[in-house]
Structure formats: C-alpha cells, structure tokens
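All residue numbers for the sequence shown refer to our numbering, where the first residue is 22 and numbers rise by one.
Ideal placement from N, C-alpha and C gives every residue a C-beta, glycine not left out.
Step one of this worksheet: look at the structure below.
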Amino acid sequence: GFNHIADSSGETGWFPTGVYGMATPGLGIKAGWHAAGPVVDPDERSFVPDPSLTEALRRYAREWLPGVDADRFSEVTCTYTST
C-alpha cells in the first residue's frame, strides 16, 4: 500500500488531502483521498461520489500511478470514524 501526503509544492499542492492506495489483486489499484468530503451521519449519507474529488483522483492517477488507466475506474464511497 501507499500513503502520499500533500505539501505546498507545485507537485502536490493541488491535492485536496493526502492519498492512500493499495493493489487489489485481479482488479487493479484502489486509491482514495484521506478524510475528503463533508462530515456525514453514516445512517443518512447519500453514497453519491463528489465529481470534483473524482476528477482530482483521476488526475492523481495520471500523474502519480504509472501504468494505471485513469479512464477505467469504479467509484465507491466509504466512511470511517475519525476522532
């Protein structure tokens, strides 16, 4: 797996947050933003991905994940507790 933390440089300064990812055998690469998006009630969230975060993640894949086709993807939202 990997974690890629943004800084103020031109290379990563555009990241909304840090990125995490891992290989998913037989499927490809899973990648996502750490703690991106609004605070939600897990019982009432919409499960609808934010198009701006999706496009930013596709840009990330094009720039930082060699061999990954940023135009072939499946979107899955996830929720985790951060205290």
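Out of the options, which one is the CA nearest neighbour of residue i?
i	options	result
T100	G53, F94, A82	G53
D22	K51, G47, G31, P37	The sequence shown places Gly at residue 22, not Asp. Nearest of K51, G47, G31, P37 to G22, Cα basis: K51.
S73	H25, P37, L48, P87	P37
Starting from residue i and walking both ways along the beta strand (DSSP E), at which residues does that stretch end?
i	result
Y41	40 to 45
A52	49 to 54
F23	23 to 25
Between which two residues does the alpha helix (DSSP H) carrying residue i extend?
i	result
Y81	72 to 85
Classify residue i as helix, strand or coil using the three-state DSSP reduction.
i	result
F36	coil
Among residues of its own chain, excluding the 5 on either side of residue i, which ones have a beta-carbon nearer than 8 angstroms to its beta-carbon?
i	result
G34	A27, D28
R79	A91, D92, F94
Pop quiz: residue i and residue j are said to be a contact at Cβ under 8 angstroms. What is the actual Cβ separation, rounded to whole angstroms?
i	j	result
A82	A91	4 angstroms
F68	T98	5 angstroms
So, for residue i: in the same chain, excluding its five sequence neighbours on each side, which residues have a beta-carbon less than 6 angstroms away from its beta-carbon?
i	result
P70	E96, T98
Note down, in chain order, each residue of its chain lying with its Cβ closer than 7 angstroms to the Cβ of residue i, except the 5 sequence neighbours on either side.
i	result
A57	P37, T38, L74
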